[in-house]
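> Here the sequence shown stands for residues 32 to 123, numbered as in the numbering used here. We put the CB at the ideal spot given by N, CA and C, even for glycine. After the structure tokens below, expect a handful of questions from me.
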Amino acid sequence: MKKIIVLILFFNMQALSAAMTKDFVVTRLNYDQEKKDYQIDFKNQAGVYKVRETLMDCLRELRESLKEKKPVRVVFKPMGLVITSCSKVSTK
Numbered sequence: 032m033k034k035i036i037v038l039i040l041f042f043n044m045q046a047l048s049a050a051m052t053k054d055f056v057v058t059r060l061n062y063d064q065e066k067k068d069y070q071i072d073f074k075n076q077a078g079v080y081k082v083r084e085t086l087m088d089c090l091r092e093l094r095e096s097l098k099e100k101k102p103v104r105v106v107f108k109p110m111g112l113v114i115t116s117c118s119k120v121s122t123k
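Take a look at the structure:
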């Protein structure tokens with residue numbers, strides 16, 4: 032029984048540490064002076080996501096999404112909601 036619980040916990044941690052990709056529309060983008068990162072809210076998505084100020088390309092995409100109300104493709108770590116990369120969503 033203990034082995035099953037350990038396996039379940041292991042797989043849950045693996046799932047939480049794996050990167051996820053979703054398309055979001057930015058509703059708020061604020062800079063946190065203390066933490067030196069940006070805090071982002073997305074439309075129809077719970078939680079405050081974070082992105083480091085060093086990811087300039089990603090910040091550019093996030094600002095465009097906020098300004099134009101268009102989705103941006105975001106890759107993030109579910110644990111801590113840390114954004115690792117962003118890209119434009121192709122519209123055809």
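Hey, could you find the ends of the alpha helix (DSSP H) M51 is sitting in?
Not the alpha helix (DSSP H): M51 falls in the beta strand (DSSP E), residues 51-55.
> Just reading off the alpha helix (DSSP H) that S96 is part of, what are its end residues?
Taken as a continuous stretch (DSSP letters only), the alpha helix (DSSP H) holding S96 covers 87-99.
> Would you tell me roughly how many angstroms separate the C-alpha atoms of F107 and E95, rounded to the nearest one?
Going by the C-alpha atoms only, they are around 18 Å apart.
> Please go through the same chain and pick out, in chain order, the residues whose beta-carbon is closer than 7 Å to the beta-carbon of Q76, but skip the five residues on each side of it.
Once the five neighbours on either side are set aside, the close Cβ partners of Q76 are F55.
> What does N61 pair with, by DSSP beta-bridge criteria?
Answer is Q70.
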